[in-house]
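Everything below concerns the one structure shown next.
Protein chains: 2
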Amino acid sequence: MSNLELKVLDQDEAAVACCSPMVREPLGEEAAVDLAKMFKALSDPVRLRLLSLIASHEGGEACVCDLTGPFDVSQPTISHHLKVLREAGLVGSERRGTWVYYWVLPAALAKLSALLQAPAAAGGSR
Amino acid sequence: MSNLELKVLDQDEAAVACCSPMVREPLGEEAAVDLAKMFKALSDPVRLRLLSLIASHEGGEACVCDLTGPFDVSQPTISHHLKVLREAGLVGSERRGTWVYYWVLPAALAKLSALLQAPAAAGGSR
DNA sequence: CGCCTGTATCGACAGTTGTCGAAACAAGAA
DNA sequence: TTCTTGTTTCGACAACTGTCGATACAGGCG
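Protein chains in written order, with the numbering used here: chain S, 25 to 150; chain X, 25 to 150.
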């Protein structure tokens, strides 16, 4: 299959295209429920730091063993937060031998970022 | 004072500049706590729809009486959600005569949007 | 095989959240 | 003033969340 890379690009562009800034038109009820789940996954300091740790890690991915150190919470709690991020569609994960690796799914972040874009800031109005 | 407009621009640009994408470097502990509060305010479907209703309303602001109709929840509940959005710094409000008006603070949305920007989607890596 | 290390799940518990009805407050009208 | 309408606050309650220790699972190594 040579369309693997294209598929990734399509995914990203679709994510951006599907969600115009929420300041343009009212959000639908279903869309709001869906997006709220993603934002809820981002609504905890530990999860935010986990996400940025994973994303900024060398190679774009990190194993759980790299992620438990920087936090004051227990290892089961880290595992729980990673599960929340995964079920929200913000990260992917895979077991490779002894370790489990996590990486960020850029399309999901791009989707939320586009949604929050505020044209008023660029236009200079108000 | 003729620097009123400049002040607004400064505010917006500072918000964008202060928060480079979280995928670039790990988030600090304090910054994560701060940002998590904003995302928590966005983590409810009713609040997301309220925010988009306010932002997309004519003139960029809406009175509470415009906001209670589209929802199935009681009016005190709407008032509660508006309070959450206000305390998170996402909207401003003002009483004008009988009615109370709410508007979106673009700098706050821009800050979160910039934080979530995912360079991997543009670079095409992974 | 048994042991060790890395990770996930379980069960429990305190704290928080979304929701409601009732009541209070704000401001204009009669 | 009293009445009416728009909005917020209060008190209560069920549901959810973050955290922990204990335990279970997965896989490599002796």
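We treat Cβ as the ideally placed atom computed from N, Cα and C, and that holds for glycine.
Problem set entry | DSSP beta-bridge partners of S:A86 | In the first sequence, counting from the first residue as 1, residue 86 of chain S sits at position 62. Paired residue(s): S:Y126.
For this session: Hey, could you find the ends of the beta strand (DSSP E) S:E118 is sitting in?
Result: Within the first sequence, the letter at position 94 stands for residue 118 of chain S. It spans V115 to R120 - the beta strand (DSSP E) in which S:E118 sits, taken as one unbroken run.
For this session: Could you work out which residues of chain X lie near S:R120, taking near to mean beta carbons separated by less than 9 Å?
Result: Indexing the first sequence from 1 puts residue 120 of chain S at position 96. What S:R120 touches in chain X: nothing, since even the nearest Cβ is about 15 Å away.
Problem set entry | First and last residue of the uninterrupted alpha helix (DSSP H) at S:Q141 | The residue you call residue 141 of chain S lines up with position 117 of the first sequence. The continuous stretches of alpha helix (DSSP H) do not include S:Q141, and DSSP gives it neither H nor E.
Exercise. So which residues of chain S does X:A112 contact, with C-beta pairs closer than 9 Å?
Worked result: Taking the first residue of the second sequence as 1, we reach residue 112 of chain X at position 88. Those within 9 Å of X:A112 in chain S number zero; the least Cβ separation is about 10 Å.
For this session: Specify the secondary structure class of X:M46 as computed by DSSP and reduced to three states.
Result: On the second sequence, residue 46 of chain X is found 22 positions in, with the first residue counted as 1. Note: X:M46 maps to coil in three-state DSSP.
For this session: Mind checking which residues open and close the alpha helix (DSSP H) that includes S:L77?
Result: The count along the first sequence starts at 1 and reaches residue 77 of chain S at position 53. In the DSSP annotation of this structure, the continuous segment of the alpha helix (DSSP H) that includes S:L77 starts and ends at P69 to S80.
Exercise. Less than 8 Å separating the beta-carbons of S:L114 and S:A60?
Worked result: As a working mapping, residue 114 of chain S is identified with position 90 in the first sequence. As a working mapping, residue 60 of chain S is identified with position 36 in the first sequence. Between S:L114 and S:A60, the C-beta gap is not smaller than 8 Å, which leaves the two residues out of contact.
For this session: Below 8 Å on the Cβ atoms is my guess for S:D90 versus S:H81; work out the distance and round it to an integer in Å.
Result: Start at 1 with the first residue of the first sequence, and residue 90 of chain S comes out as number 66. Start at 1 with the first residue of the first sequence, and residue 81 of chain S comes out as number 57. Rounded to the nearest angstrom, the Cβ distance from S:D90 to S:H81 is 7 Å, consistent with a contact under 8 Å.
For this session: Give the DSSP-derived three-state secondary structure of S:P100 in the structure shown.
Result: For the purposes of this step, residue 100 of chain S is identified with residue 76 of the first sequence, where counting begins at 1. The answer is helix: DSSP assigns S:P100 an H, G or I state.
Exercise. Which chain X residues are close to S:A86, counting only those with a beta carbon under 8 Å from its beta carbon?
Worked result: Mapped onto the first sequence, residue 86 of chain S falls at position 62. Correct list: empty, because the minimum Cβ distance to chain X is about 11 Å.
Exercise. Along the region 74-108 of chain X, what residues have a CB closer than 8 Å to any CB found in chain S?
Worked result: Of all residues in the region 74-108 of chain X, L75, S76, L77, A79, S80, G84 and P94 have a Cβ within less than 8 Å of some Cβ in chain S.
Exercise. Does the Cβ of X:R73 have 16 or more other Cβ atoms within 10 Å, making it buried, or fewer, making it exposed?
Worked result: If you number the second sequence from 1, residue 73 of chain X lands on position 49. That one is buried.
Problem set entry | Cβ neighbours of X:E85 in the same chain (closer than 8 Å, five flanking residues each side left out) | For the purposes of this step, residue 85 of chain X is taken as residue 61 along the second sequence, with counting starting at 1. Excluding positions up to five away in sequence, the list reads I78, Y125, Y126 and W127.
Problem set entry | Contact list for S:S137 against chain X, beta-carbon separation under 9 Å | Here residue 137 of chain S refers to the residue found at position 113 of the first sequence. For S:S137, the C-beta contacts it makes with chain X under 9 Å involve P45, L136, S137, A138, L139, L140, Q141 and A142, in order along the chain.
For this session: Report yes or no: is there a C-beta of chain S within less than 8 Å of the C-beta of X:S67?
Result: Locating residue 67 of chain X in the second sequence gives position 43, where the first residue counts as 1. Yes, X:S67 lies at the interface with chain S (some Cβ there is under 8 Å from its Cβ).
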